[in-house]
Amino acid sequence: MEAALDIGVSTFTMAAVAEKLGITSPALYRCFSSRDDLLEACLRKISSRVTDPPHCEDWREFLGTVADSAWDMFTRYPYLEAVFTSQTRSLRAVFPVTDRLLTQLNQFGFTWRQSVFSLMYITDLTTSAVAHLQRQLAEFLRDRNSPGARVFRGPDDEPLPDRESLTEASRRQWRSTVDFFLDHLAVVAPRWPEYTGPVARPPQPK
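Here the sequence shown stands for residues 1 to 206, where the numbers follow the numbering used here.
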């Protein structure tokens with residue numbers, strides 16, 4: 001799994017992972033029957049590295065902490081957001097931290113579907129922002145120092161000379177969008193909208 005994550009969670013191939021490990025492809029296939037199986041194992045590995053938020057006094061602090069953690073995760077693993085939007089299996093099945101977060105949000109007095117609504121849209125805001133950032137970073141790295149290359153600028157029209165400043169400017173814009181969303185949740189709380197699509201609940205203990 002570490003070899004696949006090092007190559008890139010969205011771009012690794014079984015042949016590349018086998019080569020990185022110094023083994024044959026058939027040997028790797030004896031451990032994982034397909035790329036999808038290895039990808040799901042990688043997602044579970046990433047999920048295990050996501051720590052639960054510390055004790056939060058209210059739902060807004062909780063969701064803000066969850067949002068920051070999501071940004072850190074998606075920017076740590078480039079193009080993970082593409083995996084999230086294209087994964088064919090239920091993400092909650094291969095990313096169990098989601099159910100833990102939903103359960104904690106329930107404890108602030110919101111229904112399961114209200115909790116799904118809030119977490120889903122924070123995830124959507126984050127994956128969209130990170131996908132946009134990845135496109136900008138790809139252009140920046142491809143065209144830097146080239147004649148006619150676009151100059152990326154921050155909110156005060158300052159030039160962003162490196163990937164760190166470009167990433168930080170994107171993070172600030174993303175966070176202001178998340179705060180806008182949370183502000184509106186605060187206005188209608190506790191009568192949040194409910195996610196009305198199909199949801200799969202975790203198994204109930206017998």
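From the three backbone atoms N, C-alpha and C, an ideal C-beta is built for every residue, glycine too.
F110 and T127 have their C-alpha atoms spaced approximately 24 Å apart. By the neighbour-count definition (other C-beta atoms within 10 Å, threshold 16), S118 is a buried residue. Comparing alpha carbon positions, the residue from G148, R44, L137 and M14 closest to F95 is R44. By the Cβ rule, the segment 49-64 does not count as touching the segment 7-23, because fewer than three pairs are nearer than 8 Å. Distance between L160 and L5, taken at the CA atoms: about 28 Å. Around the CB of E81, 16 or more other CB atoms lie within 10 Å, so the residue is classed as buried. Apart from the 5 residues on each side of it in sequence, C56 sits with its Cβ closer than 7 Å to the Cβ of F62 and T65 in its chain, given in chain order.
Contact check between the segment 149-164 and the segment 27-45: fewer than three CB pairs, one atom from each, fall below 8 Å, which does not count as touching. Per DSSP, P159 lies in no alpha helix (DSSP H) and is assigned neither H nor E. Inter-segment contact for the segment 184-200 and the segment 130-142 is absent: fewer than three beta-carbon pairs are separated by less than 8 Å.
R171 is positioned such that its CB atom lies no closer than 9 Å to that of T85.
Of S146, S176, D52 and V9, the smallest CA-CA separation from L102 is found for D52.
For the pair Y79 and A131, the Cα-to-Cα distance works out to about 7 Å. In this structure, V178 places its C-beta atom within 9 Å of the C-beta atom of I122. For R150, no alpha helix (DSSP H) run applies, since DSSP gives it neither H nor E. Boundaries for W192: no alpha helix (DSSP H) harbours it, and the DSSP string shows neither H nor E there. Scanning P198, F180 and E168 for the CA closest to the CA of W71 turns up E168.
Per DSSP, reduced to three states, the secondary structure at P78 is coil, with no helix or strand assignment. Judged by DSSP in its simplified three-state form, I7 adopts helix.
CA-CA distance, D183 to R144, rounds to 38 Å.
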